[in-house]
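Read through the structure below, which is laid out as structure tokens, and then see the notes.
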Amino acid sequence: MPRLRGSSLRRAAALAIVIVGAVVFLVRLVDVQVVSAAALNEDAKGKRAVPVTISSVRGDIVDRNGNVLATTDERYDVQLSPKNTKLNDGKFWRPDPERGGAATVEVTAQQAFAEIGAITGQSAEEIQKIVDDALAKNPKSDFAYVKRGVDLTQLSALKELGIGWLTFETQYRRTYPNGAVGGNLVGFAGQDEKPQSGVELSQNECLTGTDGFETYERGADGVTLPGSVVVQKKAVDGGDVQLTIDRDLQWEAQQTINQQVQQTSAEWGYLVIMNVRTGELVAVAEDGSVDPNDVDASDPSKREARSFTSPYEPGSTFKAITAAALIDQGAATPLTQNLTPDYLEPEPGVRFGDAFPHPPIQWTLTGILTQSSNVGTAMLGSSLSPEVRYDYLQRFGIGASTQAGLPLEDSGYLIPVANWDRQTAYNTMFGQGVSSTIVQTAGVYQALANGGERVPPSVVRSCVAADGSERRLDPGDSVRAVSGDTAKQMMQMLETVANEAWFKDIIAIPGYRIAGKTGTAEQVDPATGAYRTDYVNSFAGIFPADDPQYVAVASIAFAKSGDGAEAALAAFREAAQATIRTFQIPPSSGQYEPLPTEY
Numbered sequence: 000m001p002r003l004r005g006s007s008l009r010r011a012a013a014l015a016i017v018i019v020g021a022v023v024f025l026v027r028l029v030d031v032q033v034v035s036a037a038a039l040n041e042d043a044k045g046k047r048a049v050p051v052t053i054s055s056v057r058g059d060i061v062d063r064n065g066n067v068l069a070t071t072d073e074r075y076d077v078q079l080s081p082k083n084t085k086l087n088d089g090k091f092w093r094p095d096p097e098r099g100g101a102a103t104v105e106v107t108a109q110q111a112f113a114e115i116g117a118i119t120g121q122s123a124e125e126i127q128k129i130v131d132d133a134l135a136k137n138p139k140s141d142f143a144y145v146k147r148g149v150d151l152t153q154l155s156a157l158k159e160l161g162i163g164w165l166t167f168e169t170q171y172r173r174t175y176p177n178g179a180v181g182g183n184l185v186g187f188a189g190q191d192e193k194p195q196s197g198v199e200l201s202q203n204e205c206l207t208g209t210d211g212f213e214t215y216e217r218g219a220d221g222v223t224l225p226g227s228v229v230v231q232k233k234a235v236d237g238g239d240v241q242l243t244i245d246r247d248l249q250w251e252a253q254q255t256i257n258q259q260v261q262q263t264s265a266e267w268g269y270l271v272i273m274n275v276r277t278g279e280l281v282a283v284a285e286d287g288s289v290d291p292n293d294v295d296a297s298d299p300s301k302r303e304a305r306s307f308t309s310p311y312e313p314g315s316t317f318k319a320i321t322a323a324a325l326i327d328q329g330a331a332t333p334l335t336q337n338l339t340p341d342y343l344e345p346e347p348g349v350r351f352g353d354a355f356p357h358p359p360i361q362w363t364l365t366g367i368l369t370q371s372s373n374v375g376t377a378m379l380g381s382s383l384s385p386e387v388r389y390d391y392l393q394r395f396g397i398g399a400s401t402q403a404g405l406p407l408e409d410s411g412y413l414i415p416v417a418n419w420d421r422q423t424a425y426n427t428m429f430g431q432g433v434s435s436t437i438v439q440t441a442g443v444y445q446a447l448a449n450g451g452e453r454v455p456p457s458v459v460r461s462c463v464a465a466d467g468s469e470r471r472l473d474p475g476d477s478v479r480a481v482s483g484d485t486a487k488q489m490m491q492m493l494e495t496v497a498n499e500a501w502f503k504d505i506i507a508i509p510g511y512r513i514a515g516k517t518g519t520a521e522q523v524d525p526a527t528g529a530y531r532t533d534y535v536n537s538f539a540g541i542f543p544a545d546d547p548q549y550v551a552v553a554s555i556a557f558a559k560s561g562d563g564a565e566a567a568l569a570a571f572r573e574a575a576q577a578t579i580r581t582f583q584i585p586p587s588s589g590q591y592e593p594l595p596t597e598y
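Take the sequence shown: its letter number 1 is residue 0 in numbering that gives the first Met the number 0, and every next letter is one higher.
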């Protein structure tokens with residue numbers, strides 16, 4: 000009996016151990032599969048999951064017709080996992096295309112390096128060095144670039160190699176399909192598409208998208224596990240920015256101004272074309288504009304939109320402001336008579352003269368404008384107080400930036416009237432002692448051509464988001480510069496100027512009536528603080544004069560050979576002809592009726 004009892008106890012103890020073990024196992028199993036399952040799965044996933052950024056695409060910049068001026072090309076960075084190139088003694092297997100089916104072929108890391116290099120233009124030794132350098136810094140290194148910026152053809156060839164430790168990331172590079180056409184306005188982007196200038200910079204908020212990201216799981220050999228890719232956040236691409244310029248007209252304007260600058264050996268030249276009704280700039284051309292694809296090849300001083308950033312004293316084109324103020328204030332009419340000498344000293348220490356010697360001539364206000372007489376302009380203009388004349392300069396947009404949609408802009412130089420000295424009070428009547436950008440000057444003539452209403456100029460029309468919604472740029476409110484009747488009389492005077500002055504044949508366009516005014520202005524030399532002895536020559540013209548559609552202003556600075564004035568006039572004519580062709584402007588109707596210039 001004792002022996003039987005001992006045997007029973009042993010069996011009971013063994014059974015108890017089994018039961019306890021089973022309970023422990025069951026508890027652990029429940030903990031793993033139920034209680035801690037989520038945490039363990041997440042931990043395992045975290046060790047295998049790889050986050051990948053889904054890059055958003057920067058929006059395009061297009062002209063008024065949708066022609067692309069700036070866009071983003073896809074390129075691809077080739078990467079590898081240095082540590083995984085050492086797995087299995089640097090060997091891996093991939094399908095054998097010759098035998099087919101499930102057959103595989105062994106590939107060494109050195110063979111893979113040679114295959115990769117044959118596509119990327121690198122030697123196997125170069126790629127081996129990339130791996131060795133990465134592992135020398137970190138024996139567990141899981142990332143190194145092989146080649147950055149390969150194209151789609153290279154990417155496809157690399158993927159066909161079937162190398163598990165080779166990965167790819169999409170990158171984007173800014174390109175400019177039309178090169179320097181509009182480059183001064185479009186601007187350019189630097190490394191990683193960081194905007195540097197122009198619309199690229201001013202409209203960056205519209206152009207920039209929002210990146211997304213996805214995750215995938217990979218095995219110990221670095222190969223992505225099938226079906227493991229999960230998009231966590233979708234990327235939202237940037238919006239497109241539409242400009243007001245016309246690409247083809249912009250090209251013609253740039254060709255025109257470059258040619259005139261080269262022929263006259265001028266220091267610089269600008270040419271802008273503006274829609275009379277809307278204030279939209281359809282061309283903003285400057286000599287030597289930057290090609291955003293090759294910024295370093297351009298003159299650093301010519302990389303910005305100088306039509307907005309570089310003001311200069313306009314000269315006689317501003318006599319139109321003085322004449323308009325006189326008429327608007329009831330102080331004169333186009334036929335007001337004035338016996339005009341060629342030189343005047345209205346008060347001690349204040350003196351100025353006309354550009355050519357002449358005896359006192361009986362000119363009307365129209366004649367004074369036609370002959371571009373400084374003396375006659377000042378004699379009649381001085382009937383208005385400096386405060387009134389200052390007010391009209393402001394009404395025409397002088398001294399205030401245009402807010403046309405570019406990041407950099409100079410408002411020009413307009414001294415507060417309280418600080419005008421005696422000479423400035425006279426000089427401002429004929430465009431000296433004050434400065435403006437060429438766009439501001441165009442705005443003066445836009446107002447006169449538009450019934451006296453100045454519409455703020457614009458170069459950016461809208462931002463179209465990725466979802467198709469459109470946001471129009473608000474250029475600001477229109478300003479009543481002068482009355483409609485004053486503007487009508489000014490148009491008659493400016494058409495008389497264009498048809499009676501010495502330059503009438505240079506600007507003539509058969510079938511189209513032209514109105515406009517020349518300007519010849521001295522400029523202060525920053526080095527000396529004194530006026531230079533050479534000039535900036537300009538012409539501001541309106542066409543057709545009987546039904547104003549567009550304003551074009553051309554300026555040629557400091558011509559060293561040839562005639563700068565004739566170059567500016569020729570640039571205007573070519574710009575007007577190109578605009579007429581581009582927008583199919585019908586010929587003028589009715590006959591030009593000149594106003595008397597003398598009495």
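Beta carbons: idealized from backbone N, C-alpha and C, even for Gly.
Practice item. Quick one: grab the DSSP three-state call for I244. Key: coil
**Study point:** Identity of the residues DSSP links to G518 by a beta bridge
**Key:** S537
Check your understanding: Going by C-alpha distance, which of L68, V459, F142 and G211 is nearest N292?
Key -> L68
**Study point:** R512 vs D484 beta-carbon contact at 8 Å
**Key:** no
Check your understanding: Can you give the Cα-Cα distance for K82 and Q190, rounded to whole angstroms?
Key -> 30 Å
Review point. Mind checking whether R302 and Y269 have CB atoms under 8 Å apart?
Key: Against a cut-off of 8 Å, the Cβ pair of Y269 and R302 comes out as no contact.
Point to revise | Start and end residues, beta strand (DSSP E) containing Q170 | key: L165 to T174
Check your understanding: Which partner residues does I508 have in the DSSP bridge list?
Key -> Y511
Point to revise | Alpha carbon of Q259 to alpha carbon of I414, nearest angstrom | key: The alpha-carbon separation between Q259 and I414 amounts to approximately 33 Å.
Point to revise | CB of E105 within 8 Å of CB of K90, strictly | key: yes
Review point. In or out: A135 buried (at least 16 other Cβ within 10 Å) or exposed?
Key: exposed
Review point. Touching or not, the stretch 177–190 and the stretch 119–135, by the rule of three or more beta carbon pairs under 8 Å?
Key: No: the two stretches stay apart, fewer than three of their Cβ pairs being nearer than 8 Å.
Check your understanding: Should K46 go down as buried or exposed, given a rule of 16 or more other Cβ atoms within 10 Å for buried?
Key -> Residue confidence is low: K46 scores 49 on pLDDT, short of 50, so the model does not pin down where it sits. No coordinate-derived value is stated.
Check your understanding: Measuring CA to CA, which of A551, S587 and G314 is closest to A574?
Key -> Of the listed residues, the one whose Cα sits closest to A574 is A551.
Exercise for review: Quick one: using the 10 Å Cβ neighbour count with 16 as the cut-off for buried, is F538 buried or exposed?
Suggested key: buried
Check your understanding: What is the residue span of the alpha helix (DSSP H) that S554 lies within?
Key -> No alpha helix (DSSP H) holds S554; the beta strand (DSSP E) holding it covers Y549 to A556.
Check your understanding: Roughly how many whole angstroms lie between the Cα atoms of P585 and I579?
Key -> 8 Å
Point to revise | Euclidean distance between Cα positions of G329 and V481 | key: 12 Å
Review point. Exposed or buried, what is Q202 when buried is set at 16 or more other beta-carbons lying within 10 Å of its beta-carbon?
Key: buried
Check your understanding: Looking at the unbroken alpha helix (DSSP H) that takes in Q439, where does it start and where does it end?
Key -> Annotation: the continuous alpha helix (DSSP H) that includes Q439 extends over I437 to A448.
Check your understanding: In three-state DSSP terms, what is I584?
Key -> Three-state result, I584: coil.
Check your understanding: Residues in its own chain within less than 6 Å of L160 by CB, not counting five upstream and five downstream?
Key -> Sequence-distant partners of L160 (beyond 5 residues in either direction) whose C-beta falls short of 6 Å from its own C-beta, in its chain, are E114.
Review point. Who are F91's beta bridge partners in DSSP?
Key: V106.
Check your understanding: Which of helix, strand or coil does DSSP assign to S54?
Key -> coil
Exercise for review: Quick one: measure Cβ to Cβ for Q402 and G475, integer angstroms, because I've assumed they're closer than 8 Å.
Suggested key: 6 Å
Review point. If you draw a straight line from the alpha carbon of Y175 to that of R74, how long is it in whole angstroms?
Key: 15 Å
Exercise for review: Keeping to the same chain, check which residues put their C-beta closer than 8 Å to that of I541; ignore five residues upstream and five downstream.
Suggested key: V275, Y444, L447, A448, M490, L493, I513, A514, G515, P547, Y549 and V550
Exercise for review: Could you pull out every residue in the same chain whose Cβ sits closer than 7 Å to the Cβ of Y591, ignoring the five residues on either side in sequence?
Suggested key: Excluding residues within five positions, the ones whose Cβ falls inside 7 Å are E494, N498 and R512.
Exercise for review: In angstroms with no decimal places, state the Cα-to-Cα distance between W250 and G528.
Suggested key: 37 Å
Point to revise | Which listed residue (A577, T581 and T532) has its alpha carbon closest to that of A558 | key: T532
Check your understanding: Are at least three pairs of beta-carbons, each pair with one atom in the stretch 374–386 and one in the stretch 319–326, less than 8 Å apart?
Key -> Judged by Cβ distances under 8 Å, the stretch 374–386 makes contact with the stretch 319–326, as three or more pairs qualify.
Check your understanding: Is Y598 buried or exposed, if buried means 16 or more other CB atoms sit within 10 Å of its CB?
Key -> It is exposed - the Cβ of Y598 has fewer than 16 other Cβ atoms within 10 Å.
**Study point:** Exposure label - F395; buried when at least 16 CB within 10 Å
**Key:** buried
Check your understanding: Are L151 and F167 close, meaning C-beta to C-beta below 8 Å?
Key -> no
Exercise for review: Determine, using beta carbons only, whether R93 and T107 come nearer to each other than 8 Å.
Suggested key: no
Review point. Who are F212's beta bridge partners in DSSP?
Key: T52 and K232
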